[in-house]
Each structure stands twice: as C-alpha cells, then as structure tokens.
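Below is one structure; the comments refer to it alone.
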Amino acid sequence: SLRNTEWAYGIVLYTGHDSKVMMNSLKSKTKFSKIEKSINKYILISIFIQFSVCFFSAVYTSVWQNINANSKNYFYLGLKANPIQKDYDEFAHSLTSQILVNFGKWFLIMMNFVSISLLVSLEMVKFAQG
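Going by UniProt numbering, the residue at position 25 of the sequence shown is 25; the numbering climbs one at a time, nothing skipped.
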C-alpha cells in the first residue's frame with residue numbers, strides 16, 4: 001500500500017473479479033429449509049421411479065405387442081380385431097419406435113405420479129406463515 005504521498009500516477013490493467021469491489025460483493029446464498037431439501041430429494045426419487053416404470057412398461061408392452069401381433073383377439077374388450085391397430089402397424093415398423101410410442105403412452109398414464117400440488121401447498125403455507 002502507498003503511504004504519505006500526495007499524488008501518484010497509475011494505470012489500471014485489469015478490473016475484473018480480482019478487484020476489491022468484486023471480491024467484497026458476495027453472491028446471495030439461496031436458503032432452503034430442511035423440509036424443502038427433503039421434499040426436493042423425494043420428488044427427484046419419484047421422478048426417477050416414474051421414468052423407470054414407464055421405460056420398463058414400454059419395453060414390456062412393445063414385446064407383448066410383437067408376440068401377440070397376429071392373434072388380434074382382444075378378449076378383455078369382447079372384440080376380435082382393433083381397427084386402430086392397422087394405422088399403428090404402419091408406423092411401428094421397428095421395436096425402437098414402438099418403445100418410444102409406448103413410453104409416451106405410459107408417461108401420460110403415470111403423469112400424476114409426481115405430486116405438484118405438494119409443492120404448491122408447501123409454498124402457500126410458507127406464504128401464510130409470513
């Protein structure tokens with residue numbers, strides 16, 4: 001540091017993150033309560049479970065459709081043939097496309113697996129408490 005001088009010449013070479021002003025200005029830390037941390041962890045776990053259930057269900061459904069493609073006997077509906085199946089067969093030439101379509105179907109079926117209302121109600125309680 002410079003002491004006992006009335007004036008001095010100087011050249012500023014770098015004013016970036018190493019300057020005093022930038023080093024003294026700390027970024028604000030985000031604070032999470034223990035409940036929020038545990039809820040975030042459980043939501044991530046349930047999302048992982050949902051995707052894995054959808055994937056395994058899609059693979060199983062696709063394999064089942066390929067095995068039973070020629071039977072066209074839908075005993076649970078009381079029908080002998082499905083008119084929509086013809087359009088589906090034209091698209092689903094490969095097992096990969098069948099798995100993707102079935103994954104989308106299972107994802108829509110399991111959509112409410114992750115409860116978004118839990119987060120909304122938690123935020124409403126925090127807002128009401130002040």
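Using N, Cα and C, we set each Cβ at its ideal position, and we do this for glycine too. These numbers come from a predicted model, not from an experiment.
Taking C-alpha positions only, T61 is separated from K105 by approximately 10 Å.
Taking all protein chains in view, the Cβ of A58 is crowded by 16 or more other Cβ atoms within 10 Å, so the residue is classified as buried.
Counting only the Cα atoms, L118 lies some 59 Å from G10. Taking 9 Å as the cut-off, the Cβ atoms of V114 and I39 do not count as close. Listed in chain order, the non-local C-beta contacts of C54 below 7 Å within the same chain comprise F103, W106, F107 and M110, local neighbours out to five positions each way being set aside. Given a length threshold of 4 residues, each whole run of the alpha helix (DSSP H) inside the stretch 16-41 is given here in chain order: 20-24. For the options V12, V21, F32 and S25, the alpha carbon positioned closest to that of K126 is the one of F32. V101 and Q65 have their C-alpha atoms spaced approximately 12 Å apart. Assignment of W106 by DSSP, reduced to helix, strand and coil, places it in the helix class.
C-alpha of I67 to C-alpha of F56: approximately 17 Å in a straight line.
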